[in-house]
Amino acid sequence: MIRTATPDDVPVIHAMVRELADYEKALHEVQATEDQLREALFGERPAAYAHIAEDDTTGEPVGFALWFLNFSTWRGVHGIYLEDLYVRPSRRGGGHGKALLTELARICVDRGYERLEWSVLDWNQPSIDFYRALGARPQDEWTVYRLTDDALSALGAPAPVA
3 MIRTATPDDV PVIHAMVREL ADYEKALHEV QATEDQLREA LFGERPAAYA HIAEDDTTGE
63 PVGFALWFLN FSTWRGVHGI YLEDLYVRPS RRGGGHGKAL LTELARICVD RGYERLEWSV
123 LDWNQPSIDF YRALGARPQD EWTVYRLTDD ALSALGAPAP VA
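Here the sequence shown is numbered in our numbering, starting from 3 and rising by one per residue.
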């Protein structure tokens, strides 16, 4: 079962974000707090959205998808950027990941969005195989760039007054 996340889900979403980061060998990089997630998902101006995959029998959260809108200037419409898709290891293979992606694809179709995009680590072959089996294709001609920390601060610093 897939459902829209509620504020009560923030602790489990936060826990699964940390589990995902650990799986991706980057737990030390997680800085987000539950309060930050709550504000981003359910504040006055939500910046992101989330869906929860639940066990059909117990209702226990077993996975999540966290996403936000992007925009294509070439197509002239919004799309969805999937920031995180995670299913707990003990629950993988049960269709939860596919159900989460199916829900996001349904949202795209219903709202006229023309893209559903995400990134995957080069070494994560099980996920790559899963996505390819769904019909997703890599955008090999693109390289992701990112500014953070000191580089972002330096570039975004106010210009010196002349």
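Beta carbons are placed, not taken as given, at the ideal position from N, Cα and C, and that holds for glycine.
Small disclaimer: the values here were computed from a predicted structure and weren't measured.
Mind checking residue i: buried by the 16 CB within 10 Å criterion, or exposed?
| i | result |
| --- | --- |
| Y147 | exposed |
| M3 | exposed |
| L22 | buried |
| V32 | exposed |
| L149 | exposed |
| D11 | buried |
| L43 | buried |
Using CA atoms only, rank isn't needed, just tell me which of the options is closest to residue i.
| i | options | result |
| --- | --- | --- |
| R113 | I82, Y88 and V14 | I82 |
| L106 | A138, G95 and A67 | A67 |
| Y88 | K100, G78 and A50 | K100 |
| A138 | E21, L123, L118 and L39 | L118 |
| L123 | H16, D10, E116 and A28 | A28 |
| T75 | E36, Q38 and Y115 | Y115 |
| P91 | C110, P128 and F73 | P128 |
| D57 | R77, L71 and R93 | R93 |
| G95 | F132, W120 and F73 | F132 |
If we call anything under 8 Å between Cβ atoms a contact, is residue i one with residue j?
| i | j | result |
| --- | --- | --- |
| E85 | W69 | yes |
| H252 | T6 | Not covered by the structure: residue 252. The range shown for the chain is 3 to 164. |
| V14 | P63 | yes |
| H98 | G65 | yes |
| L136 | L102 | no |
| H16 | E36 | yes |
Does any residue of chain D have a CB that is nearer than 8 Å to the CB of residue i?
| i | result |
| --- | --- |
| A138 | Among the chains of the structure shown, chain D does not appear; only one protein chain is present. |
What does DSSP give as the partner residues of residue i in its beta bridges?
| i | result |
| --- | --- |
| S74 | V79 |
| E119 | Y83 |
| H203 | An answer regarding residue 203 cannot be provided, because it is not within the stretch 3 to 164 covered by the chain. |
| V89 | G65 |
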